[in-house]
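Reviewing the structure listed below.
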Amino acid sequence: MLTIAVFPNLMKPETREILRRILHFFSARDARVMMPRERAVEFDMPDCGVDDIERIPADFALSLGGDGTLLGICRRYAENPVPVCGINMGTLGFMADIEQDELERRLEQLCSGDYHVEQRPFLAGYVTKPTGEEQFLGHAINDIVVMKGDVARIIALGLAVNDTPLLECKADGFIVASPTGSTAYSLSAGGPIMNPMVKGYLLTPICAHTLNIRPLVIREEDAVHIHLVDMRQSIIVTLDGQETFPVLPDDTVTVKCSDLRAGIIKFADKDYYQTLRTKLWRNC
């Protein structure tokens, strides 16, 4: 019997109807559908509710929402490799492979195993104390951003890769993006687009006060270190724009490519460049 984890976004008005279609489809196939308990209660489906859903084995997970919803689910499953498939209910849905008007056809493909799973690397964020102690912050599938903590105040940052100091500059911050995240915040800051299966990741400055700094693609095995130059200033770290951590002035933020992977479900008739053309370059 198939077990499917469903994560609905409460803020999307069409969620209830999509949920109804999903439950109808899988009930006819004697499959088990489960949801986080609090979501099941909110949608009046208490029989589907479970606690600690990310610890329960599942054949795949369905994300009902936009890319932000899917990112959060991937992080929940960081330690439990359940593949995730996105159903687009957002404004763009770049990472989602199912549109609402093709829902049942794609669910049939999922049931028959007619799909493949792309293994996308996580980024791992750490704070290194002056004593050398390293504190783990968490994982991100898109990006880890080091940015100013004070409103409308430029900050002076130092950047190193591995043991090599690269630069000190004034900027609003730095984006450390995975190939998956190259089409997110990094793209808006002038970074390049990377195919998500490329082995490497990306450093993109945010509004650097110089014309001499450009985004840099580095190897998966490299480590990035970012620190404040002016101790009177403050910075914060964000993971996928969903978690925020304050950083002390004498701390160093370290970002590495994690050994963990997020499994993203893809269908053979939708390749990356087609998605790029239809969703990002559609007005070109």
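Per the working numbering, the sequence shown starts with residue -18, numbered consecutively. The C-beta atom is built at its ideal place from N, Cα and C for all residues, glycine as well.
Expected contact under 8 Å - CB spacing of residue i and residue j to nearest Å
| i | j | result |
| --- | --- | --- |
| P196 | G171 | 7 Å |
| D124 | A165 | 6 Å |
| F10 | V31 | Note that residue 10 is Arg in the sequence shown, not Phe. About 19 Å; that fails the 8 Å criterion. |
| L104 | C238 | 6 Å |
| M175 | L183 | 6 Å |
| R101 | P177 | 6 Å |
| F6 | S44 | About 16 Å separates the two Cβ atoms, so there is no contact after all. |
| Y96 | K247 | 7 Å |
| L209 | I216 | 6 Å |
Paired residues, beta bridge with residue i - DSSP
| i | result |
| --- | --- |
| K237 | A105 and A204 |
| N69 | G46 |
| M(-18) | According to DSSP, M(-18) bridges with nothing at all. |
| R36 | BP columns for R36 are empty, so no partner. |
| K(-7) | Beta-bridge pairing links K(-7) to no other residue. |
| L266 | The structure shown does not extend to residue 266, since the chain is modelled only from -18 through 265, so no value can be given for it. |
| G30 | M16 |
| E224 | L220 |
| F41 | I(-15) |
| H97 | K247 |
| A133 | None; A133 has no bridge partner. |
| I125 | V157 and L220 |
| R242 | P102 |
Cβ-based neighbour list, residue i, same chain, cut-off 8 Å, excluding 5 preceding and 5 following
| i | result |
| --- | --- |
| A12 | M(-18), L(-17), T(-16), I(-15) and C92 |
| F75 | D48, T164, T256, K260 and L261 |
| L0 | V(-13), P(-11), F24, M26 and L45 |
| M16 | A(-14), V(-13), F(-12), P(-11), F24, M26, C29, G30, V31 and I34 |
Residue of the options minimising C-alpha distance to residue i
| i | options | result |
| --- | --- | --- |
| Y253 | D78, E(-2) and I207 | D78 |
| G67 | L147, N(-10) and F226 | N(-10) |
| E201 | R242, M212 and F75 | R242 |
| T(-4) | A9, S8, D25 and R10 | D25 |
| D28 | I156, V14 and R2 | V14 |
| V126 | P177, V205, H5 and E(-2) | V205 |
| M70 | G113, E89 and K(-7) | K(-7) |
| Q116 | D240, E(-2) and P227 | P227 |
| A249 | N176, A133 and E99 | E99 |
| D203 | P186, V142 and I245 | V142 |
| D82 | E(-2), L104, H208 and V198 | E(-2) |
| T72 | L168, V63, T109 and T50 | T50 |
| G139 | M175, W262, H97 and I194 | I194 |
| K180 | P173, V198 and L168 | V198 |
| T145 | I207, N264 and P38 | I207 |
| E114 | R258, V234 and K247 | V234 |
| P62 | R36, E85, L84 and G46 | R36 |
| D211 | P160, S159 and E149 | E149 |
| A42 | S8, V22, I3 and E23 | I3 |
| I245 | D40, S8, L0 and A21 | D40 |
| V236 | T109, A133, K251 and G53 | T109 |
| A133 | L192, G53 and Q214 | Q214 |
| L52 | R258, S159, L192 and L229 | S159 |
Cβ-based neighbour list, residue i, same chain, cut-off 6 Å, excluding 5 preceding and 5 following
| i | result |
| --- | --- |
| R279 | Because the chain spans -18 through 265 in this model, residue 279 falls outside it and cannot be assessed. |
| M151 | Looking at the sequence itself, residue 151 is Lys, so the reference to Met does not match. These residues qualify, in order along the chain: I135, A137 and H190. |
| D231 | P111 |
| N264 | none |
| R20 | P(-11) |
7 Å Cβ shell around residue i - same chain, five flanking residues per side excluded
| i | result |
| --- | --- |
| G119 | G106, L220 and E224 |
| C55 | V65, I122 and A243 |
| I187 | M128, A152, D153, G154, F155, I156 and A170 |
| T161 | R101, I122, N123 and P177 |
| E23 | L(-9) |
| Q90 | Y96 and F248 |
Span of the alpha helix (DSSP H), counted from its first residue to its last, around residue i
| i | result |
| --- | --- |
| T(-4) | T(-4) to S8 |
| Y166 | Y166 to S169 |
| T256 | Y253 to T256 |
Range covered by the beta strand (DSSP E) that runs through residue i
| i | result |
| --- | --- |
| R87 | Where R87 is concerned, there is no enclosing beta strand (DSSP E), although the alpha helix (DSSP H) it sits in stretches over L84 to S93. |
| R13 | R13 to P17 |
| A249 | Premise fails: A249 is in no beta strand (DSSP E) and is neither H nor E. |
| K185 | The residue asked about is misnamed: residue 185 is Thr in this sequence, not Lys. Y182 to I187 is the span of the beta strand (DSSP E), which, as asked, contains T185. |
| Q116 | E115 to A121 |
| K151 | T145 to A152 |
| D78 | Segment: none, D78 is in no beta strand (DSSP E) and carries neither H nor E. |
| I174 | Taken as a continuous stretch (DSSP letters only), I174 belongs to no beta strand (DSSP E), as it is neither H nor E. |
| L197 | L197 to I199 |
Contact test: residue i Cβ vs the ligand SAH heavy atom, cutoff 7 Å
| i | result |
| --- | --- |
| L241 | As far as ligands go, the structure on display features none, and thus does not contain the ligand SAH. |
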